[in-house]
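Read in UniProt numbering, the sequence shown has 96 at position 96, and its numbers run on one by one without any break. Note that CB positions come from ideal geometry on N, CA and C, so glycine has one too. Predicted model, so just to flag it, every value in this text is computed and none were measured.
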Amino acid sequence: MNRTPHNDPALASDRSPIPVNYVRNLVELAREAGLDPSRLLAHAGLSEPQVYSAEPALRFDQFRRVMASARELSGDPAIALSLGQQLTVTAHGLLGYAAISSRDLGDALQLLERYFRTRTRLCLPRLDVEEPWVRFALMESYDLGDIRRPYLEVVTAALVAGLRYLLGDRFQGAVLTLPYASPDYAERYQELLGMTVRFGADTAVLSFPAALLREALPMADASSRQMAAQRCEEELQRLEADQDWASRVRARLMQAEGALPSLEQLATGFHLTSRTLRRYLAALGVSYRYLLEEVRMARAVRYLQANLTVQQVAQKLGYAEPSNFTRAFRRWTGRPPSDYLGNL
Numbered sequence: 001m002n003r004t005p006h007n008d009p010a011l012a013s014d015r016s017p018i019p020v021n022y023v024r025n026l027v028e029l030a031r032e033a034g035l036d037p038s039r040l041l042a043h044a045g046l047s048e049p050q051v052y053s054a055e056p057a058l059r060f061d062q063f064r065r066v067m068a069s070a071r072e073l074s075g076d077p078a079i080a081l082s083l084g085q086q087l088t089v090t091a092h093g094l095l096g097y098a099a100i101s102s103r104d105l106g107d108a109l110q111l112l113e114r115y116f117r118t119r120t121r122l123c124l125p126r127l128d129v130e131e132p133w134v135r136f137a138l139m140e141s142y143d144l145g146d147i148r149r150p151y152l153e154v155v156t157a158a159l160v161a162g163l164r165y166l167l168g169d170r171f172q173g174a175v176l177t178l179p180y181a182s183p184d185y186a187e188r189y190q191e192l193l194g195m196t197v198r199f200g201a202d203t204a205v206l207s208f209p210a211a212l213l214r215e216a217l218p219m220a221d222a223s224s225r226q227m228a229a230q231r232c233e234e235e236l237q238r239l240e241a242d243q244d245w246a247s248r249v250r251a252r253l254m255q256a257e258g259a260l261p262s263l264e265q266l267a268t269g270f271h272l273t274s275r276t277l278r279r280y281l282a283a284l285g286v287s288y289r290y291l292l293e294e295v296r297m298a299r300a301v302r303y304l305q306a307n308l309t310v311q312q313v314a315q316k317l318g319y320a321e322p323s324n325f326t327r328a329f330r331r332w333t334g335r336p337p338s339d340y341l342g343n344l
């Protein structure tokens, strides 16, 4: 199968809807900033009935247009951070209620790790405890294109706001690292988030003292937590049943840290034989190798945009020689890696 890998952000639009309440929050935030909501939505090619209807979600491309229009019309490049700060825990639906009802922060974060995809599948969390620290990483499932930075700003700011809501003044000592170069408004991050923020990392990661995991939550309620978690599980099973196998494999590859898993390793994780997984992918007209190259390309672009050198990127992607990586990158994109360095 001779196809050129592509990780078009438009691919996310069909498989990863955005809860419409997040867009409504953005519209209300824009209103508070003095923008006319009707003008904002018109600029994005949307109408108020689309945003305020009973439909539970908007397509990714619609969310993308609203976010871009809000930044352009407000003149505030950090408006995505402000939106994330404004999202309350209950804005996340049943997942928010489950988190509030958890016995302690560790319990809440385990729920968040499992059910995060019921809110968005554009990135997925990975919780790692390495005493004395906790790493809560956000692994990107798609190449988000020009909305990558504002999307991660919304998600990380909402995560920080949620942890502060759960723990109050007990939430101390956190550090946020982000996978892109420092923007012109970098000082706004520390101002709005109230913590140390670093740029140029491989992955978005919120780190904080592991002792906080054992902090009890004031609204803990075992029965409420069980009910909300059960509803989240039902929603997760429905969503995963609707997701095709190419999307599942792509998401697992994008979420992987370090070496990318083999077809056999992925099949084991899905409780399948490698032959069965290969057959499922072939039925969709793709192969494991195709998806692997697609993910390598997306990772390469991210690393280059974070100002890693070509040699560093080649090493991270498992190429023995930078020249081999450069040839592969030209095959994927038609351009040399140097064209993407720091190109945000």
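Assigned exposure category for residue i - 16 Cβ within 10 Å defines buried
{"i": "TYR185", "result": "exposed"}
{"i": "ASN324", "result": "exposed"}
{"i": "ALA216", "result": "exposed"}
{"i": "THR196", "result": "exposed"}
{"i": "SER38", "result": "exposed"}
{"i": "ALA222", "result": "exposed"}
{"i": "ALA174", "result": "buried"}
{"i": "MET67", "result": "buried"}
{"i": "VAL129", "result": "exposed"}
{"i": "ALA306", "result": "buried"}
{"i": "HIS92", "result": "buried"}
{"i": "SER69", "result": "buried"}
{"i": "ARG170", "result": "exposed"}
{"i": "ALA161", "result": "buried"}
{"i": "GLU293", "result": "buried"}
{"i": "SER141", "result": "buried"}
{"i": "PRO218", "result": "exposed"}
{"i": "ALA320", "result": "exposed"}
{"i": "ARG214", "result": "exposed"}
{"i": "ARG117", "result": "buried"}
{"i": "PRO132", "result": "exposed"}
{"i": "THR276", "result": "exposed"}
{"i": "ALA314", "result": "buried"}
{"i": "ARG252", "result": "buried"}
{"i": "ALA267", "result": "buried"}
{"i": "PRO125", "result": "buried"}
{"i": "ALA228", "result": "buried"}
{"i": "MET1", "result": "Note that MET1 scores a pLDDT of 42, beneath 50, so its modelled location is shaky; the value from the coordinates is reported in the next line. MET1 comes out exposed."}
{"i": "ARG302", "result": "buried"}
C-alpha gap between residue i and residue j, whole angstroms
{"i": "PHE329", "j": "MET297", "result": "7 Å"}
{"i": "ASN7", "j": "ARG250", "result": "Only weak support is given to the placement of ASN7: the predicted model assigns it a pLDDT of 45, under 50, and the question is left unresolved by the model."}
{"i": "SER82", "j": "SER102", "result": "27 Å"}
{"i": "VAL134", "j": "ALA78", "result": "27 Å"}
{"i": "GLN190", "j": "GLY84", "result": "14 Å"}
{"i": "TYR288", "j": "ARG31", "result": "46 Å"}
{"i": "ARG188", "j": "ASP76", "result": "11 Å"}
{"i": "LEU178", "j": "PHE199", "result": "5 Å"}
{"i": "TRP332", "j": "VAL154", "result": "30 Å"}
{"i": "SER274", "j": "LEU291", "result": "15 Å"}
{"i": "ARG335", "j": "THR326", "result": "9 Å"}
{"i": "ARG114", "j": "VAL89", "result": "16 Å"}
{"i": "GLN230", "j": "ALA220", "result": "16 Å"}
{"i": "LEU317", "j": "GLN311", "result": "10 Å"}
{"i": "CYS232", "j": "ALA99", "result": "11 Å"}
{"i": "ASP339", "j": "ALA137", "result": "28 Å"}
{"i": "TYR180", "j": "LEU29", "result": "25 Å"}
{"i": "LEU41", "j": "SER74", "result": "13 Å"}
From the options, residue whose alpha carbon lies closest to that of residue i
{"i": "ALA158", "options": "ASP61, PHE60, ALA80 and GLU234", "result": "ALA80"}
{"i": "GLY168", "options": "GLY194, HIS43 and ILE147", "result": "GLY194"}
{"i": "GLY96", "options": "ALA70, GLY84, GLN85 and LEU111", "result": "LEU111"}
{"i": "LEU144", "options": "MET254, GLU48 and ASP128", "result": "MET254"}
{"i": "LEU341", "options": "ALA300, THR276 and GLU235", "result": "ALA300"}
{"i": "GLU72", "options": "LEU35, LEU58, LEU94 and VAL51", "result": "LEU35"}
{"i": "LEU192", "options": "LEU58, TYR303 and GLN86", "result": "GLN86"}
{"i": "GLU257", "options": "TYR165, MET139 and LEU40", "result": "MET139"}
{"i": "PRO19", "options": "ARG121, GLY45 and ARG114", "result": "ARG121"}
{"i": "PRO183", "options": "LEU166, LEU239, ARG148 and TYR165", "result": "ARG148"}
{"i": "ARG24", "options": "VAL51, ARG164, ALA259 and GLY45", "result": "VAL51"}
{"i": "ARG225", "options": "LEU94, ALA44, GLY45 and VAL27", "result": "LEU94"}
{"i": "ALA57", "options": "ASN21, HIS43 and ALA33", "result": "ASN21"}
3-residue-minimum beta strand (DSSP E) runs that sit fully inside the segment 79–164, ordered along the chain: 123–130 and 133–140
At least 3 beta-carbon pairs within less than 8 Å: the segment 275–282 vs the segment 242–257: yes
The segment 208–216 contacting the segment 92–108, beta-carbon criterion three pairs below 8 Å: Yes: at least three Cβ pairs fall under 8 Å.
Inter-stretch contact (C-beta, 8 Å, three-pair minimum) for the segment 60–74 and the segment 196–205: no
Length at least 4, wholly inside the segment 189–258: the alpha helix (DSSP H) runs in chain order: Those alpha helix (DSSP H) runs which fall completely within the segment 189–258 and span 4+ residues are 222–242 and 245–255.
Alpha helix (DSSP H) segments (min. 4 residues) lying fully within the UniProt domain "HTH araC/xylS-type" (243–343): 245–255, 263–269, 274–283, 288–305, 310–316 and 322–333
Every unbroken alpha helix (DSSP H) inside the segment 22–66 [4 residues or more]: 37–43 and 48–51
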